[in-house]
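As given, the protein sequences belong to chains A and B, one line each in that order. Residue 0 is where the first sequence starts when you use numbering that gives the first Met the number 0, and the numbers rise one by one after that. Residue 0 is where the second sequence starts when you use numbering that gives the first Met the number 0, and the numbers rise one by one after that. We put the CB at the ideal spot given by N, CA and C, even for glycine. Remember, predicted model here, so these are calculated numbers, not experimental data. Okay, so here's the structure we're looking at.
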Amino acid sequence: MTFVAALEDKGRHVAGHRPWPRIVVDTDTWRQAVLGIAAGQATLLGLWSDGEAVHLCLSGETSGKLLVISLPCPDKRFPSVAQTHPPALRLERTIRDLYGIEPEGCPDARRWLDHGRWGLRHPLGAAEAAEPAGDTYAFHTAEGPPLHQIPVGPVHAGIIEPGHFRFHANGETVVRLEERLGYVHKGIDHLMAGAPRDRAAKLAGRTSGDSTVAYALGFAQAVEAALDLAPSARAVWLRALMAELERLANHFGDIGAICNDASFSLMHAHCSILREHVLRVSETCFGHRLMMDRIVPGGVATDLSKDGIAAIRTLIRTARRRFPRLVELYDNTASLQNRTVTTGILKPDLARQYGAGGVIGRASGRSWDARKLPGYAPYTSMVFDIPRRDQGDVDARVWIRIEEVRQSLTLIDQILDRTPEGSILTEAGAASRGKGEGLALVEGFRGDILVWVRLNANGTIARCHLRDPSWLQWPLLEAAIEGNIVADFPICNKSFNCSYSGHDL
Amino acid sequence: MRNLLLQGLLQSALTETPPAADDAALAELAKSVDRAARRRLGRSLSIREVDAGSCNGCELEIHALGNAFYDLERFGLRFVASPRHADVLMVTGPVTKNMRQALERTYAATPDPKWVVAVGDCAFDGGLFAGSYAVAGGVSAIVPVDLHIRGCPPNPTALLKGLLALLEKTA
Ligand code: SF4
């Protein structure tokens, strides 16, 4: 019996949690689960709270079976996960900030998303008023005579999201990088609580704008699971089409932007053209360049017309003609490779420990992709490969993106050939009303997005937690940059391309 | 690489004819832009982008302004790395409380004369995030705004129309 299956027998099953089980456990079982995760018997996928209990989502690495274990916290405390398994650290600091629930034994007492500027503490728990004067933040240090600090941000030099990076450097070499995030915290968990489903779907789609399709998809799947509602068959395929268009647009953008950070702007210019093509075709097909609000619980909001299909076929042809030349350009430019090969290496062991998903995980030896495992329709019936590399450097992350572009192009071919006719929306009928909880894991361009919802009896959202893949990737950037030169930080950072907004919530 | 460069020379340009300046934007700007400033700046503006809490959707479309289709720089508009070099602050997002001070400081670091362009529905009034304990409001709740470009996110054409109106009024 696998670890996850054995664990499942050790708690009380919660009725109405779909499609994977949720069990309520005691402190001992909680500790056992954490020890198992730390020993590599399962992967931590998420850790969050609803104010009453803490919930931990884990999965078996090979079975793809998900399990949520919940520990009630009547005394506003729970045994720290991070003390045994460091990847949980920022997640549990966030639970403390938002709910005032203390992870006992947590190795870091500093606040994370709470910068002391909200005018209150524990906004989702027993909120207390507090002076919004701003907390000072005690960065970790590195000591020795030649070391100096470089503070960067929150406002950066480019057109990018805000966050603070604190470098300790020895001359040009980075000795330590520490991130401070939370600047774009908008209180999404709070806005979700009590929201009608259509407003909540919009919020989910604005958690990280570059992944709006993936978030809307995850949210829709979770709500459908909670309602025990099957989305329309046609919509399932159209959703995958949108998801692959979003992946293409982002990967084109990222490949170009990484090269641009090595001052190779030719690549950037050409990749931007491809990206713009994808956005324009998305607008032609679905009426919005980023396809915001096009996926809704039950199906999709916009149907694909014959003209739309023709536009996508043209796009695929153009990409198949132009992209290989750009790949060749990347492969044959020694000065560019000089910047990417062996730069910013993320070791496979660390990627495994953090359960890093997406390009970052797959460039460091993990074959994890939520489209395959646990897998969801229509991907379960399509033919595609999950690329994997083991080098873990910037170059490997570029190549994974290149190979994923190729896979997305073949996926779109298959989708256009196989999308059935029919309605695009299944309405949630009266029968499917009522309390329920749903969980979804979907693959965005950055990696797996975990969505958990609990519905009220009237169908509104009681709680919704959205875990961006970046939560488990940001800490790895700190490790990957160590020993590199400060000037290579932008290219390393771009090759990770973690989300600030998705992380800050 | 040679082939790609050669093709670039032989192909017709992708860059499209610009849209007309936005009328509503011209009207909003009529109130804020004075003649003296126009003389000083000529037909060129440096823009510093500040994400004050956005979901990153607005940034993606601002980025697109630089691609071959829109080619922002042909109008004398360019993004700069420091507020000290900027004439225009382009601000996105609902202003989060955690970003409020950074926005105020960036504004203070921008030399006069300066204009603030608030981009996106969130920057207008907080959008979907208005009312959260973590959100201070739209951009005008924190710094004076000269021009709003609405949309979620506004597409590059809408951004261009607004910026061209700004250029018409300032230059
Ligand atoms: S206006 Fe829309 S795209 Fe822009 S930051 Fe707000 S939610 Fe995101």
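Which one of the options has the shortest CA to CA distance from residue i?
i         : options                                       : result
Arg175(A) : Val183(A), Phe164(A), Tyr182(A) and His184(A) : Phe164(A)
Leu71(B)  : Thr169(B), Met98(B), Val134(B) and Glu15(B)   : Glu15(B)
Glu58(B)  : Arg76(A), Asp188(A), Arg110(A) and Arg205(A)  : Arg205(A)
His184(A) : Val87(B), Pro110(B), Val90(B) and Val134(B)   : Val134(B)
Ser69(A)  : Leu57(A), Arg89(A) and Thr459(A)              : Leu57(A)
Ser62(A)  : Gly124(A), Asn331(A), Ser366(A) and Trp111(A) : Ser366(A)
Val212(A) : Met291(A), Ala333(A), Glu7(A) and Asp330(A)   : Met291(A)
Ser407(A) : Lys434(A), Tyr378(A) and His54(A)             : Tyr378(A)
Asp27(A)  : Gly35(A), Val299(A) and Ile385(A)             : Gly35(A)
Leu273(A) : Gly286(A), Phe322(A) and Arg11(A)             : Phe322(A)
Trp236(A) : Thr301(A), Pro122(A) and Ala395(A)            : Thr301(A)
Cys284(A) : Leu415(A), Gly297(A) and Gln352(A)            : Leu415(A)
Ile448(A) : Leu328(A), Gln220(A) and Arg312(A)            : Gln220(A)
Ala310(A) : Val295(A), Leu289(A) and His276(A)            : His276(A)
Ser462(A) : Ala129(A), Phe218(A) and Leu112(A)            : Reading off the sequence shown, one finds Arg at residue 462(A), where the question assumed Ser. When only C-alpha atoms are compared, the closest one is Phe218(A).
Gly125(B) : Leu4(B), Pro18(B), Cys54(B) and Leu44(B)      : Cys54(B)
Asp368(A) : Trp398(A), Glu403(A) and Pro18(A)             : Glu403(A)
Using only the alpha-carbon positions, how far apart do residue i and residue j sit?
i         : j         : result
Ser48(A)  : Ser494(A) : 31 Å
Ala430(A) : Arg370(A) : Caution applies to Ala430(A), whose pLDDT of 48 falls short of 50 and renders its modelled position unreliable; the model cannot decide the point.
Ile187(A) : Leu240(A) : 27 Å
Gly150(B) : Gly119(B) : 5 Å
Ile308(A) : Glu177(A) : 47 Å
Gln82(A)  : Gly374(A) : 31 Å
Leu102(B) : Gly124(A) : 29 Å
Leu13(B)  : Phe68(B)  : 5 Å
Thr109(B) : Arg47(B)  : 9 Å
Ala4(A)   : Leu65(A)  : 10 Å
Ala439(A) : Phe78(B)  : 40 Å
Leu244(A) : Ser281(A) : 7 Å
Gly509(A) : Val33(A)  : For chain A, the structure presents residues 0 to 504; residue 509(A) sits outside this window and is missing.
Arg320(A) : Met0(B)   : 16 Å
His84(B)  : Glu420(A) : 56 Å
Asp8(A)   : Pro152(B) : 48 Å
Arg76(A)  : Ala129(A) : 22 Å
Val295(A) : Gly208(A) : 16 Å
Thr198(A) : Trp451(A) : As written in the sequence, residue 198(A) is Arg, which differs from the Thr given in the question. Looking at the two C-alpha atoms, the distance is approximately 16 Å.
Gly360(A) : Gly443(A) : 13 Å
For residue i, I'd like the list of residues in its chain whose CB is within less than 6 Å of its CB, leaving aside the five on either flank, ordered along the chain.
i         : result
Asp487(A) : Thr342
Arg116(A) : Pro131 and Gly133
Ala63(B)  : Pro155
Tyr106(B) : Val142
Ser469(A) : Cys497, Ser498, Gly501 and His502
Pro71(A)  : Ala52
Arg120(A) : Glu127 and Ala129
Asp506(A) : Since the first residue shown for chain A is 0 and the last is 504, residue 506(A) is missing from the structure and cannot be characterised.
With H, G and I counted as helix, E and B as strand and the rest as coil, what does DSSP make of residue i?
i         : result
Phe74(B)  : helix
Val382(A) : coil
Ala159(A) : Looking at the sequence shown, residue 159(A) is not Ala but Ile. If DSSP states are grouped into helix, strand and coil, Ile159(A) belongs with coil.
Pro347(A) : helix
Ala430(A) : Note that Ala430(A) scores a pLDDT of 48, beneath 50, so its modelled location is shaky and nothing firm can be said.
Gln148(A) : strand
Val79(B)  : coil
Cys56(A)  : strand
Val326(A) : helix
Asn169(A) : strand
His189(A) : helix
Thr91(B)  : strand
Asp8(A)   : coil
Arg453(A) : strand
If I measure Cβ to Cβ from residue i and keep anything under 8 Å in the same chain, skipping five residues before and after, which residues do I get?
i         : result
Asp412(A) : Ile315
Ile490(A) : Ile257, Asp260, Ala261, Arg338, Thr339, Thr342, Gly343 and Val393
Val154(A) : Pro161
Pro86(A)  : Leu43, Gln352, Tyr353, Gly354, Leu471 and Pro474
Suppose the cutoff is 7 Å on Cβ atoms and the five residues either side in sequence are ignored; what does the same chain contact list for residue i look like?
i         : result
Met381(A) : Leu410 and Gln413
Thr172(A) : Gly482 and Ile484
Gly50(A)  : Tyr98, Leu123 and Gly124
Between residue i and residue j, which are expected to be in contact by the criterion C-beta below 8 Å, what is the C-beta distance as a whole number of angstroms?
i         : j         : result
Thr425(A) : Leu228(A) : 6 Å
Leu216(A) : Ala248(A) : Their Cβ separation, rounded to whole angstroms, is 15 Å, which puts Leu216(A) and Ala248(A) out of contact at 8 Å.
Ala20(B)  : Ala117(B) : Their Cβ separation, rounded to whole angstroms, is 18 Å, which puts Ala20(B) and Ala117(B) out of contact at 8 Å.
Gly137(B) : Pro93(B)  : 7 Å
Leu325(A) : His267(A) : That pair is no contact at about 10 Å.
Pro230(A) : Gly298(A) : 5 Å
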